[in-house]
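Take a look at the structure set out below.
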Amino acid sequence: MSDATMEPTELRTADGLPLKKALAKSQARAKRRAFLLVAPLFLFVLITFVVPIGQMLLQSVYNDSFSKNAPALGQWFSEHPLGTPIDESAYAALAADLKEMKANRTQGEAGTRINYDVAGTRSLFTSTARKADKLEPPYKEAILDINEGWSDPNLWRAMRSASHPYTIDFYLAALDMTRDKDDNIVSVDETRSIYGTLFMRTAILSLVITVLCMILAFPIAHLLASLPLAKSNLLMIFVLLPFWTSLLVRTTSWMVLLQQQGVLNDIMVWLGIVSDNGRLEMMYNKTGTIVAMTHILLPFMVLPLYSVMRTIPVSYVRAARSLGATSWTAFRRIYLPQTLPGIGAGALLVFILSVGYYITPALVGGADGQLISNMIAFHMQKSLNWSLAAALASLLLGGVIILYWLYDRLVGIDNMKLG
Amino acid sequence: MAVPAYASPLERTWHYTYLVICGLIFFFLIAPIIVIIPLSFNAEPYFTFTEKMLSFDPSGYSMRWYDMLLTFGMQEPQAERGWSWWMDVWHHATWIDVAKNSIIIGFFSTILATVLGTLAALGLSRPEMPFRRAVMAVLISPMIVPIIITATGLFFFYSKTGLAHTYPGIIMAHATLGIPFVIITVTATLVGFDHSLSRAAANLGADPRTTFFKIVMPLILPGVVSGALFAFVTSFDEVVVVLFVAGYDQQTIPRQMWNGIREQISPAILAVATILVFVSIALLTTVELLRRRSEKLRGMSPG
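Here the protein sequences come in this chain order: C and S. Residue numbers are given in the working numbering: position 54 of the first sequence equals residue 54, and the series is strictly consecutive. Residue numbers are given in the working numbering: position 231 of the second sequence equals residue 1231, and the series is strictly consecutive.
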């Protein structure tokens, strides 16, 4: 028969395409379609989120407010390596730049940049630039005549490093480090190291809040999980209503409760726990931050714990009991280990959210309940040292990304549930 | 859950102690929210219960702080309360003004977040989606990254692109913050989605558009709506981005509350807070009803 002698052919579709090719084609089409559905949002998030964060990262290493206003000094620094004595030619460049700064009214901007590095030097720029027009050679004498401060080698070191717009100085500042006059990186003295302390405090307070949330969430999540669905849905309102209530509303109510003339103090005075003169200070300190943030973040702990506890069969604990375990042993050896995924998910989420908290500490934290976010806001809005704010924010971002990555590995973002 | 018959006296005691502890924790959760409601009717400018309030004396309660929400910022608050008075409220009262802004910004950012987020969730829930995990991680990150960092970045970006102090700028920022919630709720609905339904529709001759609007959409609608509500609440409650990039014209309710709390806190803030609590009760009820409907639609346990 002719069929028997035919070469074994590939399988083909009705259109005559080889099946393998057709399959690859349709798979590619499905892939493209899925991708096209996601593409608009991805682009949107890229523009409104990823690019701005990129800008922030750039701001943390790029600051041209000195370099663009002091071209002559920049030229001099690039021609003379570190260690060259600061001679007449350097002062001539400085004088040229100061004259230009005066003409463009940029002495404040340039001085501020140097002031970040060497405190108290902004006035040096403004006061000297005011008299810049009268400067005559020899410039060294003329400038030192106006202000002796210009001879400070540390100042020249700072100007040298600021003459490049790209710098890691702001990261150094954010890590409580600085450079000495020989350009070596050294830690600032203990009394001036504020950021390290602040990062530590943020981590410790977040940890305390996470642990408190764990302790408070465990019993109620367990209760909710072991009640019949109709009842637990009703009790769930107690968890979900705070979750849906505005953050500012919850913070305000804590301010009302914790004030010295507030409800909690009134109750304690009425009960005779404290005297009227001995009202407790529970707000504008760490206590305020911890209490309010624990309340606000508690639902984020209860919800993942609850969803894990729901899936644990009751029969396991019963089996343990029937095999002779005491209720404590059954809980410790059988129940608790099964809730670990929920505890992990909730704890990570609460910790991640609390390290970046801003509103609540700003309102109820006072001076020593502030977190790193408040310092970022301070530098953005008050001191206007945007590059330092960006450097602090980038460090915080780095920490959060590590935790987020950990969360994704351990829990998976797909498993995040709301309500 | 009842105490089992074989429980020892110690276990019984523990069981009741445990229930009391749970009760206290529930109290801790809900009491701070409830306590501001009666305080907002305080006749005195105090933040605690006065003698008169405790003895339920009607003169201890008043609506003056709610009245102040209307009159604050008005041009002629003392005028007779007629048509022109209410027009004055509508055009000049600060709280009405910020409420309008909050609703406008919330509405548009919700639409933006919901449309883009739902489309993306449809794509992300397909198994063929390339780099699914990484893309998902990027899209969810606005929820995880501390808001102060996002706001700082937006400040730099917007001041360069001229989007600062504009409505579109804030709407886009708020949409970005709401998107993770839409994606999470819609993908959760799609997990239980039976894809043979859309195949059946295609088999019966429906084109992809008809299939989507007639078959897929009604089934995922509860998820989409609750995602939209989450997005709306996110925008409605957001203050840091508004603090950083909004101008004087784009002040929102939380921004005004922030001002009020920082400058001079008065029980008027509690009146706003009370109104917001009722808004959140309404939203929570809606979401809960939607969730039950979704479970019913998908043939899961009747809630």
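Yeah, the Cβ is synthetic: ideal placement off N, Cα and C, and Gly gets one too.
Three-state secondary structure (DSSP) of residue i
i: V186(C); result: strand
i: M214(C); result: helix
i: R12(C); result: strand
i: I1179(S); result: helix
i: P18(C); result: strand
i: N1042(S); result: strand
i: Y116(C); result: helix
i: Y1018(S); result: helix
i: I1147(S); result: helix
i: Y357(C); result: coil
Expected contact under 8 Å - CB spacing of residue i and residue j to nearest Å
i: G1227(S); j: V1186(S); result: 5 Å
i: L392(C); j: M375(C); result: 6 Å
i: I1036(S); j: V256(C); result: 6 Å
i: A1043(S); j: S1062(S); result: 4 Å
i: S1102(S); j: T1274(S); result: Actually they are not in contact, since the Cβ atoms of S1102(S) and T1274(S) sit about 16 Å apart, beyond 8 Å.
i: W1086(S); j: Q1256(S); result: W1086(S) to Q1256(S), Cβ: 20 Å. No contact.
i: T1152(S); j: M380(C); result: 6 Å
i: Y1066(S); j: A1202(S); result: Not quite, the Cβ-Cβ distance comes to about 56 Å (not below 8 Å), so this is no contact.
Neighbour flag for residue i against chain C, beta carbons, 8 Å
i: F1041(S); result: no
i: S1301(S); result: Low confidence applies here, because S1301(S) scores a pLDDT of 47, under 50, leaving its location unreliable; read the following figure in that light. Yes, contact with chain C.
i: I1179(S); result: yes
i: M1217(S); result: no
i: M1129(S); result: yes
i: G1060(S); result: no
i: E1011(S); result: yes
i: L1297(S); result: no
i: M1068(S); result: no
i: M1063(S); result: no
i: F1304(S); result: What is shown of chain S runs 1001 to 1303, which leaves residue 1304(S) out entirely.
i: R1199(S); result: no
i: V1003(S); result: no
i: S1280(S); result: yes
i: P1038(S); result: no
Pick from the options that is closest to residue i, judged by C-alpha positions
i: S151(C); options: I352(C), V50(C) and K181(C); result: K181(C)
i: L205(C); options: D15(C), L271(C), W405(C) and G288(C); result: G288(C)
i: V1239(S); options: G1247(S), P1254(S), Q1250(S) and V1233(S); result: P1254(S)
i: L1276(S); options: D1237(S), R1291(S) and T1286(S); result: D1237(S)
i: I1184(S); options: I1149(S), A1005(S), M1217(S) and G1117(S); result: G1117(S)
i: G1178(S); options: I1105(S), S1280(S) and L1219(S); result: I1105(S)
i: P97(C); options: I220(C), F66(C) and L264(C); result: The question names Pro, but residue 97(C) is Asp in the sequence shown. Of the listed residues, the one whose Cα sits closest to D97(C) is F66(C).
Where the alpha helix (DSSP H) through residue i begins and ends
i: T167(C); result: First-last for T167(C): undefined, no H or E at that position.
i: M236(C); result: L229 to W244
i: M56(C); result: V51 to V61
i: S394(C); result: W386 to L410
i: W150(C); result: It is not in any alpha helix (DSSP H) - W150(C) carries neither H nor E in the DSSP assignment.
i: L371(C); result: Where L371(C) is concerned, there is no enclosing alpha helix (DSSP H), given that its DSSP letter is neither H nor E.
i: M1068(S); result: R1064 to T1071
i: F1244(S); result: V1240 to V1245
i: P1218(S); result: M1217 to F1236
i: D133(C); result: Premise fails: D133(C) is in no alpha helix (DSSP H) and is neither H nor E.
Chain S contact for residue i (CB, 8 Å cutoff)
i: F300(C); result: no
i: T48(C); result: yes
i: S65(C); result: no
i: G356(C); result: yes
i: W156(C); result: no
i: V208(C); result: no
i: T121(C); result: no
i: A393(C); result: yes
i: S253(C); result: yes
i: D276(C); result: no
i: F170(C); result: no
i: S373(C); result: yes
i: V239(C); result: yes
i: D408(C); result: yes
i: L280(C); result: no
i: M380(C); result: yes
i: W76(C); result: no
i: F44(C); result: yes
i: K131(C); result: no
i: I53(C); result: yes
Amino acids of chain B, ordered along the chain, whose beta-carbon sits closer than 7 Å to that of residue i
i: I1140(S); result: Protein chains C and S are contained in the structure displayed, whereas chain B is not.
Terminal residues of the beta strand (DSSP E) in which residue i lies
i: T178(C); result: M177 to R179
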